[in-house]
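K.L.:
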Amino acid sequence: MLKKIRNIGDCGISCDFGDEVSKKTNREVIKLFNFIMEATRNKKLKGILNSTPSYNKLIINFDLAKVKSKELIEFINSSDYSKTTLLEKNKNVEIPICYDEEFALDIKRLENKTKLSFKEIVDKHLKTNFFVYMIGFVPGHPFMGDLGKELEIDRLETPRVRLPKGSVGVVEKFCNIYSFESPGGWNIIGKTPFDLFDINKKDPSKLLPGDTVKFKSISKKELLTFKNE
Numbered sequence: 748m749l750k751k752i753r754n755i756g757d758c759g760i761s762c763d764f765g766d767e768v769s770k771k772t773n774r775e776v777i778k779l780f781n782f783i784m785e786a787t788r789n790k791k792l793k794g795i796l797n798s799t800p801s802y803n804k805l806i807i808n809f810d811l812a813k814v815k816s817k818e819l820i821e822f823i824n825s826s827d828y829s830k831t832t833l834l835e836k837n838k839n840v841e842i843p844i845c846y847d848e849e850f851a852l853d854i855k856r857l858e859n860k861t862k863l864s865f866k867e868i869v870d871k872h873l874k875t876n877f878f879v880y881m882i883g884f885v886p887g888h889p890f891m892g893d894l895g896k897e898l899e900i901d902r903l904e905t906p907r908v909r910l911p912k913g914s915v916g917v918v919e920k921f922c923n924i925y926s927f928e929s930p931g932g933w934n935i936i937g938k939t940p941f942d943l944f945d946i947n948k949k950d951p952s953k954l955l956p957g958d959t960v961k962f963k964s965i966s967k968k969e970l971l972t973f974k975n976e
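Read in order, the letters of the sequence shown correspond to residues 748 to 976 in the working numbering.
1. Assuming I936 and A851 make a contact with CB atoms under 8 Å, what is their CB distance in whole Å?
2. With DSSP run on the structure shown, which of helix, strand or coil describes D763?
3. For M784, does the three-state DSSP call read helix, strand or coil?
4. Nearest to L903 by alpha carbon, out of F944, K860, I760 and K953?
5. Restricting to Cα atoms, I'd like to know which of I783, G883, Y802 and V840 is closest to L796.
6. For I900, collect the residues of the same chain with a Cβ closer than 8 Å to its Cβ; drop the 5 residues on either side in sequence, then sort them by chain order.
7. If you compare alpha carbons, which of A812, Y880 and K804 is closest to I752?
8. Does the beta-carbon distance from S929 to V885 come in below 9 Å?
9. Does S816 pass the burial test, meaning 16 or more other C-beta atoms within 10 Å, or should it be called exposed?
10. Please classify I936: does DSSP put it in a helix, a strand, or coil?
11. Taking one C-beta from the stretch 819-832 and one from the stretch 863-880 each time, how about it: are there three or more such pairs within less than 8 Å?
12. Leaving out five residues before and five after I842 in sequence, what residues of the same chain have Cβ atoms less than 8 Å from its Cβ?
13. Do you know how far the Cα of D950 is from the Cα of G957?
14. Take the Cβ of G913 as the centre, count every other Cβ of all protein chains shown within 10 Å, and call the residue buried at 16 or more, exposed below.
15. Could you give the first and the last residue of the continuous alpha helix (DSSP H) run that contains F944?
Here it is, written out as structure tokens:
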């Protein structure tokens, strides 16, 4: 349920669905996202530049010359979008991962914090069905849940300045994949050769909110010889 709407700058609003991070909450965010997009396509709403869904919020940016925040907020509050259909094109994607110690940069920290062995950590990670809540930070970068409590761990005290593309990280109940080389403060558990973003494709991001991910363990040799299709 939508809790509140607030202005963020002159040309944006944040639709807040509360603090809970769950599939149920995320589905409500996506419903409003789909509703706004549909209203824009049908010209019931004008001036919308971009809508960005996250775990539990929807950010809407608009052209101030075409619509005011007050008008947009009144439109949302007066609309019943609860029956908006969700796209059923979500995919189940298997992603290869190598847990070789060369790539599992924070495995010792994970062992110390969780009191689990490397084998137990890998086993629990492989058995998790990950739900893609959002794509962000850099193009194609997925934020996925939900790890079991046994693997919950805080961010690094000092983030790394540079992480290799394909690094797979965990923090709290979430897992991510660094789609490009970038800074990062997540605990790195392995590496995937799977390309998550291809700007030359019609749909450049391989994963979208609502997709499900399952990891498959591969060897270092398989990682180095893997070919993306």
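For glycine and all other residues, C-beta sits at the position ideal for the given N, C-alpha and C.
P.N.:
Here's the rundown:
1. 5 Å
2. strand
3. helix
4. K860
5. I783
6. R856, L857, K860, T861, V917, V918, E919 and N934
7. K804
8. yes
9. buried
10. strand
11. no
12. I924, T939, F941, V960, K961, F962 and K963
13. 15 Å
14. buried
15. Note, F944: premise wrong, no alpha helix (DSSP H); not H, not E.
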